[in-house]
DNA sequence: GTTGGTTGCCTGACAAAGTTATATACGCTG
DNA sequence: CAGCGTATATAACTTTGTCAGGCAACCAAC
């Protein structure tokens, strides 16, 4: 059966690939973005440097895989913190997002703050949203808030705005650690509370139907 | 007169240093962050690669100088857009900040999104705020809004929150250009309007006196 | 069972990067 | 004029990503 053999091969290949992603993850976490080199990566899994190129087109490709993995991990962490209260569930998204970023600053920088001008081959714009499980769960929890009457407006627009503020908060705390933000946790909580209070007071229109005048 | 001689030397040194910063600025703008190399920098000012090390300790030091320069440029651009209406003046800060970031994405990335774990030698935390003219003008314009009764709370806290949201907006637009934000300008305006409306509805406490419970 | 092609992995090499060590040349000091 | 220090240049070292090519094992077919 040639299919079975091919399947087994593909599986092995997928396994080694995810093993490489895992090693890259640890490498970034331990030594930072600049610690992630092809040679170190290969040594960690016991292969020659050039063998990495059998699984990834180039270094950018590794970074994309790392980003994908990080989004999945983040989504998993978020879903470990559910709540019956839709607002609390939404707050948990922000809290976990911040905890993820502040707990793994190196990886956060690598994944969320490095050039994404090139899309991985065969990916479209929509894939970015569809294939991003963390964004999906955020939108879902916003929808729950809208359904419960706690928020009003377009869920994707609200989710995007929350993402914007969350990202701004985390990345500033990471990039300018010496700026007197006060306690990082407290600043995250402040921004989260502020956003939830402010969003609940407005009707948020969709991102596409913004008034063009002015 | 040894003093005069020494002064002239210092001046020449400062001039070449700023010439190098200028060249670095152009290099980043033209070729992006990875286009900024010591060798290219030296070639651009007509010196040998190693001569750069007479003016900067290492590459990080160049990036710090570049950041300082960018902050000054940004502050200048903001102050070219004054207004009698304090809220409009504040809005101009956000607009110019966004225009700066979206117009020079390479430099924005280099200055605002790269590792700042190490402070330049002889700088303290306070210098970061004192020596940042862009932050200073932002705080001043927030103070004007507070004085006019348009905003309420601690000016530095309000300014920091505005910076957070502005940075989040710009960096997401830069890092994930394929995400369907809609028109970038419109998204910037949306976030700006949202923040000004939301801030005016609340009394913002200082960053240090956040409630510790919960 | 032997043969040929495909695949996976490795060795070696190259260019470009930051940085260190060493040499040279200019200008001030005595 | 002699000496010295600073500024600049040259060469070399290390590490990086990546290309070219080689070896060995496996699969298919005669």
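Chains as they are written, first to last, in the numbering used here: chain A, 1 to 214; chain B, 1001 to 1214. Note that CB positions come from ideal geometry on N, CA and C, so glycine has one too.
Does the stretch 150-165 of chain A come close enough to the stretch 1138-1154 of chain B to have 3 or more Cβ pairs within less than 8 Å?
-> no
Take the Cβ of residue 1190(B) as the centre, count every other Cβ of all protein chains shown within 10 Å, and call the residue buried at 16 or more, exposed below.
-> Numbered from its first residue, the second chain carries residue 1190(B) at position 190. Buried, because 16 or more other Cβ atoms sit within 10 Å of the Cβ of residue 1190(B).
My guess is that residue 1170(B) and residue 1108(B) are in contact by the Cβ rule of under 8 Å, so how many angstroms apart are they, rounded?
-> In the second chain, the residue the question calls residue 1170(B) occupies position 170. In the second chain, the residue the question calls residue 1108(B) occupies position 108. About 7 Å; that satisfies the 8 Å criterion.
Determine the chain A residues that contact residue 1102(B) at a beta-carbon separation under 9 Å, and present them in chain order.
-> If you number the second chain from 1, residue 1102(B) lands on position 102. Result: empty, since nearest Cβ-Cβ is about 14 Å, beyond 9 Å.
Please report how far the alpha carbon of residue 45(A) lies from the alpha carbon of residue 26(A), in whole angstroms.
-> Along the first chain, one-based indexing puts residue 45(A) at 45. Along the first chain, one-based indexing puts residue 26(A) at 26. Near 12 Å, if we compare the C-alpha coordinates of residue 26(A) and residue 45(A).
Taking the continuous alpha helix (DSSP H) assigned at residue 87(A), which residues delimit it?
-> Along the first chain, one-based indexing puts residue 87(A) at 87. Per DSSP, residue 87(A) belongs to the alpha helix (DSSP H) from 86-103.
Taking Cβ positions only, does residue 52(A) come closer than 7 Å to chain B?
-> Locating residue 52(A) in the first chain gives position 52, where the first residue counts as 1. No, because no Cβ of chain B sits closer than 7 Å to the Cβ of residue 52(A).
Please go through the same chain and pick out, in chain order, the residues whose beta-carbon is closer than 7 Å to the beta-carbon of residue 1007(B), but skip the five residues on each side of it.
-> Within the second chain, the letter at position 7 stands for residue 1007(B). Here residue 1007(B) scores only 47 on pLDDT, less than 50, and its place in the model is too uncertain to base an answer on.
Decide yes or no for the touch test of the stretch 1182-1202 of chain B against the stretch 1080-1094 of chain B: beta carbon pairs closer than 8 Å, at least 3 of them.
-> yes
Can you grab the Cα-Cα spacing for the pair residue 1017(B) / residue 1055(B), in whole Å?
-> As a working note, residue 1017(B) is residue 17 in the second chain. As a working note, residue 1055(B) is residue 55 in the second chain. Each residue's Cα considered, the two are about 6 Å apart.
For residue 1113(B), decide whether its Cβ has a neighbour in chain A, counting only Cβ atoms nearer than 7 Å.
-> Position 113 of the second chain holds residue 1113(B). For residue 1113(B), the answer is yes, since a Cβ of chain A falls inside 7 Å of its Cβ.
Closer than 7 Å to chain B by CB, residue 242(A) = A query on residue 242(A) cannot be resolved here, the shown segment of chain A reaching from 1 to 214 and no further.
Cutoff 7 Å: residue 36(A) Cβ touching any chain B Cβ = As a working note, residue 36(A) is residue 36 in the first chain. Cβ-Cβ to chain B under 7 Å: no for residue 36(A).
The stretch 1181-1204 of chain B: which residues have C-beta closer than 9 Å to a C-beta of chain A, in chain order?
-> 1181, 1182, 1183, 1186, 1187, 1189, 1190, 1191, 1194, 1195, 1197, 1198, 1199, 1201, 1202 and 1204
Nearest to residue 1179(B) by CA position, among 143(A), 185(A), 150(A) and 132(A), is which residue?
-> Taking the first residue of the second chain as 1, we reach residue 1179(B) at position 179. With distances taken between Cα atoms, residue 1179(B) lies closest to 132(A).
Element boundaries [alpha helix (DSSP H), containing residue 64(A)] | The residue you call residue 64(A) lines up with position 64 of the first chain. It spans 59-79 - the alpha helix (DSSP H) in which residue 64(A) sits, taken as one unbroken run.
Use the C-beta contact count for residue 1048(B): other C-beta atoms within 10 angstroms, 16 or more gives buried, fewer gives exposed.
-> Residue mapping note: residue 1048(B) aligns to position 48 of the second chain, counting from 1. Looking at its Cβ environment, which holds fewer than 16 other Cβ atoms inside 10 Å, residue 1048(B) is exposed.
With 7 Å set as the bound, which would you pick, yes or no: does the beta-carbon of residue 1172(B) sit closer than that to a beta-carbon of chain A?
-> Sequence index remark: in the second chain, residue 1172(B) carries index 172 (1-based). Yes - at least one Cβ of chain A is within 7 Å of the one on residue 1172(B).
With a cut-off of 8 Å on the beta carbons, I'd call residue 66(A) and residue 184(A) a contact; round off their distance for me.
-> As a first step, residue 66(A) must be located in the first chain, where it is residue number 66. As a first step, residue 184(A) must be located in the first chain, where it is residue number 184. The pair is not a contact, with the Cβ atoms about 24 Å apart (cut-off 8 Å).
Residues bridged to residue 204(A) by DSSP?
-> Mapped onto the first chain, residue 204(A) falls at position 204. Its beta-bridge partners are 153(A).
Near residue 174(A), which residues of its chain fall below 6 Å by C-beta distance, leaving aside the five closest residues on each side in sequence?
-> In the first chain, counting from the first residue as 1, residue 174(A) sits at position 174. Counting only Cβ-Cβ distances below 6 Å, and skipping sequence neighbours, we find 105.
Cutoff 7 Å: residue 1149(B) Cβ touching any chain A Cβ | In the second chain, the residue the question calls residue 1149(B) occupies position 149. Not closer than 7 Å to any Cβ of chain A, the Cβ of residue 1149(B) fails to qualify, so no.
Work out the CA separation of residue 83(A) and residue 1029(B) for me, nearest whole Å.
-> On the second chain, position 29 is the one that residue 1029(B) refers to. On the first chain, position 83 is the one that residue 83(A) refers to. Each residue's Cα considered, the two are about 47 Å apart.
Who are the neighbours of residue 1208(B) on chain A, taking C-beta pairs under 7 Å?
-> What you label residue 1208(B) is simply residue 208 of the second chain in a count that begins at 1. Under the 7 Å cutoff, chain A gives 182.
Where does residue 1022(B) fall in DSSP's three states?
-> Position 22 of the second chain holds residue 1022(B). Residue 1022(B): helix per DSSP, three-state reduction.
Report the residue from 148(A), 147(A) and 164(A) whose alpha carbon sits nearest the alpha carbon of residue 135(A).
-> On the first chain, residue 135(A) is found 135 positions in, with the first residue counted as 1. Measuring from the Cα of residue 135(A), the nearest candidate turns out to be 164(A).
Do we get a CB-CB distance below 7 Å when we pair residue 1095(B) with the residues of chain A?
-> Counting from one through the second chain, the residue named residue 1095(B) turns up at place 95. No, residue 1095(B) does not count as interfacial toward chain A.
Are any of the Cβ atoms in chain B nearer than 7 Å to that of residue 168(A)?
-> As a position in the first chain, residue 168(A) is number 168, starting the count at 1. So yes, residue 168(A) belongs to the interface.
Under 8 Å by beta carbon: chain B residues contacting residue 73(A) | What you label residue 73(A) is simply residue 73 of the first chain in a count that begins at 1. None at all; the shortest Cβ gap to chain B is about 18 Å.
Using only alpha-carbon positions, find the residue among 1032(B), 1089(B), 1114(B) and 1059(B) that is nearest to residue 176(A).
-> By 1-based counting over the first chain, the position of residue 176(A) is 176. Nearest C-alpha to residue 176(A): 1114(B).
Top-ranked residue by Cα proximity to residue 186(A), from 1042(B), 1187(B), 1208(B) and 1201(B) = The residue given as residue 186(A) occupies position 186 in the first chain. The option with the nearest alpha carbon to residue 186(A) is 1208(B).
Range covered by the alpha helix (DSSP H) that runs through residue 1041(B) | Here residue 1041(B) refers to the residue found at position 41 of the second chain. It spans 1038-1045 - the alpha helix (DSSP H) in which residue 1041(B) sits, taken as one unbroken run.
Starting from residue 1143(B), follow the alpha helix (DSSP H) in both directions and report where the run begins and ends.
-> Here residue 1143(B) refers to the residue found at position 143 when the second chain is read from its first residue. Looking at the DSSP string, the run of the alpha helix (DSSP H) that includes residue 1143(B) is 1133-1147.
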